[in-house]
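Take a look at the structure below.
Chains as they are written, first to last, in full-length UniProt numbering: chain A, 1 to 312; chain B, 1 to 251.
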């Protein structure tokens, strides 16, 4: 366990280095001068001297490696630079929007699990037609209907025709409801299918038969063996969606004008706000990598024989 | 036949011509589904959006499947160091969610279709490579491949004659569902303005453009959404049929 942890962390750090340096180099070699973009935001025509001054201020005249080391040392002091758009510290902006994203993502995820775990497990072990139909229905809706369209339709019904909920913005608990519900449908669909398929394969395995033969109660067999055994693949996908949510609930945040990371990044991309993009890459990669390390350790604990890295 | 009628309609109605006198017109003989806020024919835009979505999705899926299958063939057939390297790359890529990667690439390369294609390619080839590798490394051991080798067939011949078709049958199943998923992905990114750029129509982008007019004309909300849902469901249905067919035949 300890050695695994050390190895995983080492790999994760290397990966983080690779990602940040890669994106750093890419930004500098690509067409489109960030200095010019910065000056263009002010809508002023800049003289060559001005451009040169800004370039020096931002350190763009130095060689790439020196720039990267400089950036890295500032990251070490928790300084991610200032946003081109607002001039505010990137870390502060990202921190604020992570909180907003967490509100939507967290409540959406909880709703999704509340929907998916009962439906998934129930439809795996019951032969009743109604159960299956409901599970299939929910997962079909979640898979085929884009979450932003669900969001639009829900807004039309519950915020405009029936003025119960706010249309957009971040204003109290009520404003979380619509984005969270739209999100949960999409997420639930994945988990229902996944839980059902994995539970069914697990239940069909030989050791379950043996446990039955030994006279263990159905309940013990189900929860202690089958459910636990079917968790690792579910967990792998769960980690993936956690990571995806950590990167922002992009479309829904834009739709509901909810100031989360996803919305912030879309704005940053459209405005070419490089410090913000760089900071986002660093933080999101760090979160995703950390989540994966945790997932592997938990998986190892649940099923020591299961060593797969992802879905295999 | 329906597709034919729709294409003829597209031929007779330009999706780009703006007509200020006909803004937000409702359905008529001339404009079957009315016009949008700039007086452009709504049905023509819907149809063109569909064509664009299919082209985009089709090209991306083909590209992804080719890359994945080729790498998977190599990894499965030769094994060894090459396989380990490919696995390494797969493992580091698979932890990235597609939306995050697309967002990052859009940030680095600028918004637009190129970043989306690259993001999809980087994420999705892994599943094709893994599928191919599994099939190849299991059939590689089977007797008839062994016989082929004894009879002096070259590696390239063995792969082309015997392995490729088995693989492609399975790859086809994966492709069928991915087409729908990619259309969904494209529409989401176009909705937020990081996909297809105006004035080119796309269902997600159309939903975003028409948002201020939903109350006055719900058709702007209903039709593009319905198009997405129907297309994605069709792709899922097709996938299920292919799955059943393949299962019947056996691998």
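Every residue, glycine too, gets a C-beta built ideally from N, C-alpha and C.
These figures come from a predicted structure and were not determined experimentally.
Chain-ordered, the chain A residues with CB closer than 9 Å to the CB of residue 187/B read 146, 148, 149. Look at the beta carbons and you see the stretch 188–205 of chain B touching the stretch 249–261 of chain A: at least three pairs across the two are nearer than 8 Å.
Contact residues of the stretch 48–65 of chain B toward chain A are absent (C-beta to C-beta distance below 9 Å).
When the beta-carbon positions are compared, residue 183/A and residue 158/A stay at least 8 Å from each other. With respect to the C-alpha of residue 143/A, the residue from 247/B, 228/B, 54/B having the closest C-alpha is 228/B. Interface annotation, residue 247/B: not in contact with chain A, CB-CB separation never under 8 Å. Listed in chain order, the non-local C-beta contacts of residue 201/B below 8 Å within the same chain comprise 15, 45, 46, 48, 49, 52, local neighbours out to five positions each way being set aside. Per DSSP, the beta bridge partners of residue 89/A are 82/A. The Cβ-Cβ distance between residue 203/A and residue 226/A falls below 8 Å. Annotation: the stretch 144–230 of chain A contains the following complete segments of the alpha helix (DSSP H) (minimum length 4 residues), in chain order: 147–155, 174–203, 206–213.
Sequence-ordered contacts of the stretch 223–244 of chain B with chain A read 225, 228, 229, 232, 233, 236 [C-beta pairs closer than 7 Å]. In summary, residue 224/A is exposed, with fewer than 16 beta-carbon neighbours lying within 10 Å of its beta-carbon over all protein chains present. The Cβ neighbour count for residue 244/B, taken over all protein chains shown within 10 Å, is under 16; the residue is labelled exposed.
Taking 8 Å as the upper bound for CB-CB distance, residue 99/B and residue 250/A are in contact here, some 6 Å apart.
In this structure, the alpha-carbon of residue 234/A lies about 29 Å from that of residue 74/B. Under the Cβ criterion of 8 Å, residue 93/A is not counted among the residues facing chain B. Among the residues facing chain B, residue 101/A is not included, as its CB has no counterpart in that chain under 8 Å away.
The C-alpha of residue 137/A is placed about 27 Å away from the C-alpha of residue 219/A. Look at residue 273/A here: in three-state DSSP terms it is coil, with no helix or strand label. CA-to-CA, the gap between residue 72/A and residue 166/A works out to about 42 Å.
Your pair residue 103/B and residue 149/A does not check out as a contact, with CB atoms roughly 20 Å apart and the cut at 8 Å. Rounded to whole angstroms, residue 186/A and residue 130/A show a C-alpha spacing of 21 Å. In summary, the residues of the stretch 192–213 of chain B whose CB is separated from some CB of chain A by less than 8 Å are 192, 193, 194, 204, 207, 211, in the order they occur in the chain. Within the stretch 109–124 of chain A, not one residue has a Cβ closer than 8 Å to any Cβ of chain B.
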